[in-house]
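A.B. asks: Residue numbers (the numbering used here), protein chains in the order written: chain A, 5 to 239; chain B, 6 to 322; chain C, 8 to 340. Have a look at the structure that comes next, please.
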């Protein structure tokens with residue numbers, strides 16, 4: 005079966021800065037794949053390349069179709085939900101409005117989706133009218149995830165979900181991500197600095213270094229390999 | 006580098022020669038039109054100093070022209086001064102007005118400054134209308150007429166003097182300070198340039214130039230009233246500066262010619278009515294902003310660089 | 008937003024966020040009391056509110072565009088003038104007033120969208136905010152020039168939808184024109200509010216205005232939302248222009264909206280350039296203020312109204328740039 009997402013020799017630039025030098029990776033349907041590496045390795049840029057937020061060249065295929073010159077709006081319509089670094093929450097709008105926007109591309113009744121979201125994030129129920137910017141960091145991250153759930157994506161791109169959050173909250177978020185994957189079958193490509201929890205929660209992992217893939221393989225194997233952990237993952 | 010300096014000197018020399026010889030071949034009416042070009046030349050020069058070189062946008066220079074114009078008119082009409090003698094006074098009054106505007110302008114940037122100066126452009130003529138005891142109100146004041154030749158000579162002499170003055174100022178430390186303020190306020194401050202002083206001085210000098218333009222404008226028209234300094238005047242000065250190229254002295258002549266001569270050229274062929282001129286101007290401004298935001302001077306520079314090889318890091322004049 | 012607290016009486020604190028509502032409430036009380044005690048005051052207040060409605064509509068148009076792009080559209084008044092002339096033409100061709108009104112709104116909406124696509128988008132791609140501002144000035148000259156070119160510069164007469172009669176309430180004469188203007192202005196702003204609050208597109212426009220990058224990621228076509236914003240702004244401007252032309256003190260001529268644009272700027276600034284509600288309050292306030300001043304303060308003649316509005320705007324910008332209703336916003340992606 006062809007992979008859900010396939011990147012081949014993808015380059016990306018921020019103006020004169022050459023951030024990705026030929027990234028090649030695949031994500032199969034139903035997997036959770038982790039993208040690891042140090043700061044500046046190109047992890048966030050890779051997600052941005054997929055969602056079309058940054059200019060890129062090379063081959064990017066989703067469900068067998070080329071992502072070509074698709075911008076973020078088109079990519080979202082294809083079924084890819086990108087939760088960016090910093091969550092991309094609409095702070096000035098209410099919790100409910102944020103959820104509503106998650107389902108922007110969908111038509112028809114949202115009742116079923118809202119019910120699902122409340123199953124995963126029951127605390128949202130009483131807080132629909134609250135301004136999203138006044139939520140705590142962990143709640144905003146969960147709201148961002150909830151928004152992505154509303155979109156019913158085939159592929160979920162998660163950028164640094166653990167950033168700035170307490171370990172307990174991080175654990176909760178990764179638990180929900182795994183549940184989304186196992187119950188809904190949502191494929192996940194996850195970018196993280198926290199290698200330990202990423203490897204524990206994912207099926208496979210790629211390690212990026214200076215804009216290209218340095219090491220890849222099953223997460224369990226990478227986690228068990230002490231020399232790889234020390235040289236690439238810092239623990 | 007050498008080549009383009011030579012090219013520029015040749016162009017300026019040719020233009021100066023053309024300007025000096027023109028009155029001999031033009032009719033008297035055309036000469037007074039030529040004086041109008043000088044008026045815009047001076048005003049655009051002034052605007053360029055504050056907007057092009059110091060980076061503070063002003064859509065209100067018509068107001069400074071009004072101040073200069075009314076100074077000349079009142080001194081000539083009510084107090085019997087000789088017209089040309091009023092010009093230095095206009096310079097001082099204009100400078101003061103510029104500083105008065107420049108001080109609160111320190112607090113504004115970009116769009117907000119545009120907003121405030123736009124409002125000034127509309128407010129000042131209203132003030133002139135109100136205090137009719139001094140200004141002759143809506144009807145204004147009538148001034149002695151002059152021949153086209155006299156106007157042409159007076160205006161272009163003033164223009165030449167001011168051009169040289171502008172060139173000297175912008176070349177010297179003041180000019181470098183202006184440019185530093187425009188390009189990076191943070192860098193300017195850290196190299197010891199006082200933002201407040203230079204920004205205010207820029208406004209003052211710029212307004213003084215505009216005031217002279219206003220004085221001559223009033224003489225060319227041989228009367229003054231508030232309608233002479235409407236919104237359109239301020240807008241056209243800005244357009245002239247922008248089309249000619251902000252931050253370039255050489256573009257000022259192109260800008261002034263564009264504003265004054267293009268309409269004449271368009272309507273004299275009788276293909277277009279005079280009413281169509283603003284539409285064409287507006288369309289040209291939008292096109293320029295979309296295609297060549299830095300104006301004609303940039304375009305000319307680009308063309309010149311095709312002939313003269315020079316590094317892409319050459320500084321602007 | 009930090010709340011400044013002062014303790015006057017132990018246990019009772021005044022917050023700075025109370026000051027504005029108190030000010031507004033106090034002003035309303037003042038106006039009410041004045042109107043009840045003096046027929047002239049009441050009349051001037053009502054006609055001031057009518058003028059204020061005209062300024063408020065245009066001010067909201069300005070805010071709509073500024074909110075999304077940080078660009079002040081200097082052509083907003085000029086475009087309003089153009090659409091008002093379109094309405095005049097339709098009426099001249101035989102349409103009834105309200106039919107022409109509706110048609111003009113539709114034309115303004117579509118026209119506004121087209122203007123953004125054709126004139127502004129290409130400039131946006133190129134430059135910074137100032138380039139777009141200068142382009143909007145070009146647009147202003149183009150719009151007013153087009154009016155002069157197509158219809159000539161002589162003053163024209165614009166009929167009004169509202170009868171020119173007055174009616175009396177308790178000895179005070181009010182004109183249908185004024186009440187009608189207030190009604191139309193309020194209705195249009197209300198409809199807009201409902202649109203933004205309760206429709207999917209309205210929500211998408213708000214999202215695109217505050218966080219365009221995040222909006223793209225959920226599939227919102229931010230470019231289209233911008234065009235829609237310009238279309239709505241143009242429609243609001245059309246309403247402002249139509250109400251202005253119907254007012255007895257405004258003549259239908261190419262420079263018709265120049266002064267009104269300044270009042271709208273002042274209103275928008277007063278209310279906080281990013282707050283439509285603020286723009287409405289600002290507009291109504293300025294309308295009433297500029298009507299009461301000449302009546303009760305001798306030296307303020309009609310010619311000085313514009314400079315007064317300018318000074319007011321300047322003071323607000325110097326003292327509280329975010330306006331009465333604004334809050335300092337941090338732009339994030």
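Virtual Cβ for every residue (Gly too), placed ideally from N, Cα, C.
1. Is residue 236 of chain A helix, strand or coil when you go by DSSP?
2. Please report the residue range of the beta strand (DSSP E) in which residue 191 of chain A lies.
3. Secondary structure at residue 234 of chain B, three-state DSSP: helix, strand or coil?
4. Just to confirm, is the Cβ distance from residue 192 of chain B to residue 99 of chain B under 8 Å?
5. Would you mind working out which of B:113, B:299, B:296, B:285 sits nearest residue 145 of chain C, comparing C-alpha positions?
6. Taking CB distances under 8 Å as the criterion, tell me whether residue 143 of chain A reaches chain C.
7. Please list, in chain order, all residues of the same chain as residue 190 of chain B whose beta carbon is under 7 Å from its beta carbon, the five residues on each side excluded.
8. What are the start and end residues of each continuous alpha helix (DSSP H) run of 4 or more residues lying completely inside the segment 140-191 of chain C, in chain order?
9. For residue 154 of chain C, count neighbouring Cβ atoms within 10 angstroms of its own Cβ and tell me buried if that reaches 16, exposed if not.
10. Confirm, please, whether the CB-CB distance from residue 50 of chain C to residue 179 of chain C is below 8 Å.
11. Spatial neighbours of residue 169 of chain C within its chain, please: C-beta separation below 6 Å, excluding the five flanking residues on both sides.
12. Closer than 7 Å, Cβ to Cβ, to anything on chain A: give me those residues from the segment 142-173 of chain C, in chain order.
13. Distance, Cα to Cα, residue 27 of chain B vs residue 163 of chain B?
14. Just confirm the distance between the C-beta atoms of residue 36 of chain A and residue 192 of chain A, as a whole number of angstroms; I'd bet it's less than 8 Å.
15. Could you confirm whether any beta carbon from chain A is found closer than 8 Å to the beta carbon of residue 210 of chain C?
16. In the structure shown, what three-state DSSP assignment does residue 67 of chain A receive?
17. Note down, one range per segment and in chain order, each beta strand (DSSP E) of at least 3 residues found wholly within the segment 150-216 of chain A.
18. State yes or no: is the beta carbon of residue 269 of chain C nearer than 8 Å to at least one beta carbon in chain B?
19. So, are the CB atoms of residue 288 of chain C and residue 53 of chain C less than 8 Å apart?
20. Which residue marks the beginning of the alpha helix (DSSP H) containing residue 74 of chain C, and which one marks its end?
21. Taking the C-alpha atoms as reference points, what is the distance between residue 112 of chain C and residue 204 of chain A?
22. Give the interface partners of residue 165 of chain A over in chain C, defined as CB-CB distance under 9 Å, in chain order.
23. So with Cβ pairs under 8 Å, would you call residue 233 of chain B a contact of chain C?
24. Short of 7 Å in beta carbon distance, which residues of its chain neighbour residue 13 of chain A, apart from the five on each side in sequence? Order them along the chain.
25. Go through its chain and collect everything with a Cβ distance to residue 254 of chain B's Cβ below 8 Å, but skip five positions before and after it.
26. So with Cβ pairs under 8 Å, would you call residue 234 of chain C a contact of chain B?
27. Can the beta-carbon of residue 199 of chain A be found less than 8 Å from the beta-carbon of residue 40 of chain A?
28. Under 8 Å between C-beta atoms, does residue 272 of chain C make it to chain B?
29. Does any C-beta atom of chain A lie closer than 8 Å to the C-beta of residue 218 of chain C?
30. Verify the CB distance criterion: does residue 74 of chain C have a CB-CB separation below 8 Å to chain A?
31. Which residues in the same chain as residue 324 of chain C place their Cβ atom closer than 7 Å to its Cβ, once the five residues preceding and following it in sequence are excluded?
32. Answer yes or no: do residue 45 of chain B and residue 245 of chain B have a C-beta to C-beta separation smaller than 8 Å?
33. Would you kindly check if the distance between the Cβ of residue 150 of chain C and the Cβ of residue 238 of chain C is under 8 Å?
34. What residues from the segment 89-110 of chain A come within 8 Å of chain C, judged by C-beta to C-beta, listed N to C?
35. Taking all protein chains shown into account, do 16 or more other C-beta atoms lie within 10 angstroms of the C-beta of residue 4 of chain B, making it buried, or fewer, making it exposed?
36. List the DSSP bridge partners of residue 30 of chain A.
C.D. replies: Well, looking at it:
1. In this structure, residue 236 of chain A counts as helix in the three-state DSSP scheme.
2. 191-195
3. Helix, per DSSP.
4. no
5. B:285
6. no
7. 200
8. Listed in chain order, nothing qualifies, since the segment 140-191 of chain C has no complete alpha helix (DSSP H) run of 4 or more residues.
9. Burial call: buried.
10. yes
11. 183, 184, 187
12. Legend: CB atoms of the segment 142-173 of chain C lying less than 7 Å from CB atoms of chain A are not found in any residue.
13. 16 Å
14. 4 Å
15. Using a CB distance cut-off of 8 Å, residue 210 of chain C counts as an interface residue toward chain A.
16. coil
17. 159-163, 191-195, 208-213
18. yes
19. no
20. 46-76
21. About 60 Å.
22. Per Cβ cutoff of 9 Å: no residues; residue 165 of chain A is ~15 Å from chain C at best.
23. no
24. 26, 28, 62, 63
25. 50, 53, 168, 171, 172, 175, 322
26. no
27. yes
28. yes
29. Yes - at least one Cβ of chain A is within 8 Å of the one on residue 218 of chain C.
30. No - not a single Cβ of chain A is within 8 Å of the one on residue 74 of chain C.
31. 276
32. yes
33. no
34. 90, 92, 93, 94, 95, 96, 97, 101, 104, 105, 106, 108, 109
35. Any property of residue 4 of chain B remains undetermined from this structure, which presents chain B solely from 6 to 322.
36. Beta-bridge pairing links residue 30 of chain A to A:10.
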